[in-house]
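In the numbering used here, the protein residues as written are 5 to 201.
For glycine and all other residues, C-beta sits at the position ideal for the given N, C-alpha and C.
See below for the structure under consideration.
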Amino acid sequence: MNRAEVVGINLLKREAKKPVARRIRERRPGERRPFSLGRDKAVIGVLFLVLLLGFGGYYLKLDRTIRAKERVLAKKKAELKKLERVYARIRILEARKQELQRMVKVIETLSLGRDSVVKFFEKLEGALPENSWLSSYRLKGKEVQLVGYSLEDNGVADLMENLSHIKEVSHCKLKYIKEVGLAGIRVRQFALTTLLK
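Structural data, given as structure tokens:
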């Protein structure tokens, strides 16, 4: 093919394409038109944008709420820490208070017991019969242990009888009596236990 033929071919009149007639169908009332991506791109974009803005707003609202709750929680933790320190101080003070109350009870008990002990020893001097004497005593709570000597067996019996008449004494018991030598003389050593009221 030569060049002229090629040019001639290009100069030929083109055949016009016949337009294809599209058949437009009428829609009936209540019938939806078919989905077309080309036509509905704008609607889908707007819906997507609305959803995106909705989720973003919801996220921001939740974030603000969470931050507010965290601030409240931090304040509560700080208050709790202060209250824990106060509670520890209160526990220490309560322990001290209980210790002081215990000491007051002991002092009251001792002062009450002291009155009866003092009265007992005042009356004990008059309860000792002749030819009898005490060498030692030991006070343990309301129990008084007496150790002494008597020249006669009846001296110990008389002492126990006299002790039973003292109103501060609730009980008198002989622990032992034995004969011992003291400065070359035979005497009776005795030990008594008395309970005070």
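Sub-8 Å separation of residue i and residue j beta-carbons
{"i": "L200", "j": "E172", "result": "yes"}
{"i": "L138", "j": "G159", "result": "no"}
{"i": "S136", "j": "L163", "result": "yes"}
{"i": "L150", "j": "Y141", "result": "yes"}
{"i": "K182", "j": "L196", "result": "no"}
Local Cβ density within 10 Å of residue i, reported as buried at 16 or more and exposed below that
{"i": "F52", "result": "exposed"}
{"i": "I170", "result": "buried"}
{"i": "L64", "result": "exposed"}
{"i": "T202", "result": "The structure shown does not extend to residue 202, since the chain is modelled only from 5 through 201, so no value can be given for it."}
{"i": "F59", "result": "exposed"}
{"i": "L128", "result": "buried"}
{"i": "V148", "result": "buried"}
Residue i versus residue j - alpha carbon distance
{"i": "K86", "j": "K80", "result": "10 Å"}
{"i": "Y180", "j": "K123", "result": "25 Å"}
{"i": "I189", "j": "E112", "result": "46 Å"}
{"i": "L66", "j": "R75", "result": "14 Å"}
{"i": "F125", "j": "G185", "result": "28 Å"}
{"i": "C84", "j": "L97", "result": "Per the sequence shown, the amino acid found at residue 84 is Leu instead of Cys. Taking the straight line from one Cα to the other gives about 20 Å."}
{"i": "V47", "j": "G61", "result": "21 Å"}
{"i": "K45", "j": "L77", "result": "47 Å"}
{"i": "A187", "j": "G130", "result": "26 Å"}
{"i": "Q105", "j": "A99", "result": "10 Å"}
{"i": "M107", "j": "R93", "result": "21 Å"}
{"i": "R95", "j": "E103", "result": "12 Å"}
{"i": "Q193", "j": "A161", "result": "13 Å"}
{"i": "R32", "j": "L57", "result": "36 Å"}
Those residues which DSSP pairs with residue i across a bridge
{"i": "L186", "result": "I189"}
{"i": "T198", "result": "V148, C176"}
{"i": "Y63", "result": "Paired residue(s): none; Y63 is not in a bridge."}
{"i": "L153", "result": "The question names Leu, yet the displayed sequence has Tyr at residue 153. Note: Y153 sits in a beta bridge opposite W137, Q193."}
{"i": "V143", "result": "The amino acid at residue 143 is misidentified as Val; the sequence shows Leu. Answer by DSSP bridge pairing, in chain order: V148."}
{"i": "I181", "result": "F194"}
For residue j and residue i, believed in contact at Cβ under 8 Å, the rounded distance
{"i": "L155", "j": "V191", "result": "6 Å"}
Cβ-heavy atom distance, residue i to the ligand FAD, below 7 Å
{"i": "Y62", "result": "The model on display carries no ligand, and the ligand FAD is accordingly not part of it."}
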